Amino acid sequence: MTKTLFSKATASLLLSAGLLASQAASADVLVFDESGNATFGVTHTDAGSYTDEFLFSVAAESEGWASGTAIAGKTLVGASRLFNYGLTSIGFFQVNADSTRTLLGTGFSGGGTADFFPAGKLTAGNYGFTVQGQTTLNGLGGSYAGNLNLVTAPVPEPASYGMLAAGLGMLAFTARRKKNEKLG
Numbered sequence: 001m002t003k004t005l006f007s008k009a010t011a012s013l014l015l016s017a018g019l020l021a022s023q024a025a026s027a028d029v030l031v032f033d034e035s036g037n038a039t040f041g042v043t044h045t046d047a048g049s050y051t052d053e054f055l056f057s058v059a060a061e062s063e064g065w066a067s068g069t070a071i072a073g074k075t076l077v078g079a080s081r082l083f084n085y086g087l088t089s090i091g092f093f094q095v096n097a098d099s100t101r102t103l104l105g106t107g108f109s110g111g112g113t114a115d116f117f118p119a120g121k122l123t124a125g126n127y128g129f130t131v132q133g134q135t136t137l138n139g140l141g142g143s144y145a146g147n148l149n150l151v152t153a154p155v156p157e158p159a160s161y162g163m164l165a166a167g168l169g170m171l172a173f174t175a176r177r178k179k180n181e182k183l184g
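Everything in the sequence shown is counted per full-length UniProt numbering, starting at 1 for the first residue and increasing by one.
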């Protein structure tokens, strides 16, 4: 009994220590709304270069194509508003069952406003993307925010197949009728 209690206490302490240690390396988890949109953003209070991670899951019924837009924040300096953060790269990856990652080809156009998308359709599974950038104004932090959209692949309704078959049948009937010389 005391051995089991000691084991549970030890496991609890190790788990707590692991959770505390992982906070520095944690990633934000994105959740898509019913329209397939998820928002993300980070504010860095200190100047420097940063790499941020965002994780998300794609359900079997939500398989499709993802695309995103991110925009860097601006800071008022004197009489002008200047971008305070530069986005240098955004890259998608797939999280495998053994927690390893497979990098996915990613289209990226950077600058103050960045567009990004994985090279192919996302199937059911766990994914993420990293955002790399740096602050651009000396001594000031920076921020960015964005939206990731997942467009599901359309699945034809059974009624669509019925209408297709009826249309092809009418087309065949019309073509057959024109060939019959007796009718006309």
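Where a beta carbon is used, it is the ideal one built from N, C-alpha and C, also for glycine. Predicted, not measured: the structure shown is a model, and the values here were computed from it.
In terms of alpha-carbon separation, which member of Thr88, Thr100 and Gly120 lies closest to residue 188?
What is shown of the chain runs 1 to 184, which leaves residue 188 out entirely.
Ignore the nearest five residues each way along the sequence and tell me which others in asparagine 84's own chain have a CB closer than 8 Å to its CB.
Ala72, Gly73, Lys74, Thr75, Thr135, Thr136, Leu137, Leu140, Gly141, Gly142 and Ser143
If you drop the 5 nearest sequence neighbours on each side, which residues of the same chain put their C-beta closer than 6 Å to that of asparagine 126?
Ser57 and Val95
Whole angstroms are fine: how far does the CA of threonine 43 sit from the CA of tyrosine 50?
10 Å
Taking the straight line between their C-alpha atoms, what separation do you get for glycine 105 and glycine 68?
14 Å
Residues bridged to serine 99 (per DSSP)
None, per the DSSP bridge assignment.
Using three-state DSSP, classify alanine 172 as helix, strand or coil.
helix
Roughly how many angstroms separate the alpha carbons of residue 185 and leucine 150, rounded to a whole number?
With the chain represented from 1 up to 184, any question about residue 185 goes unanswered, as that position is not in the structure.
Pairwise C-alpha distance: serine 109 and glycine 28
With the sequence shown as reference, residue 28 is identified as aspartate, and glycine is not the correct amino acid for it. Cα to Cα, aspartate 28 sits roughly 23 Å from serine 109.
Where does leucine 164 sit, in a helix, a strand or coil, going by DSSP?
helix
So if DSSP puts glycine 73 in a beta bridge, which residue, or which two residues, is it bridged to?
Bridge partners of glycine 73: none, in fact.
Using the three-state DSSP reduction, which class does glutamate 34 fall into: helix, strand or coil?
coil
Do you know whose CA, among Trp65, Gly48 and Phe54, lies nearest glycine 36's CA?
Trp65
Whose CA, out of Asp33, Gly162, Thr100 and Leu82, lies closest to the CA of threonine 113?
Leu82
How long is the line joining the alpha carbons of valine 77 and threonine 45, rounded to whole angstroms?
16 Å
Contact under 7 Å by Cβ, glycine 128 with phenylalanine 54:
yes
Are the beta-carbon atoms belonging to leucine 148 and alanine 38 less than 7 Å from one another?
yes
Kindly indicate which three-state DSSP category glutamate 63 falls into: helix, strand or coil?
coil
Whose CA, out of Leu171, Thr130 and Met163, lies closest to the CA of leucine 30?
Thr130
If you measure between the beta carbons of threonine 123 and serine 62, is that distance less than 7 Å?
no
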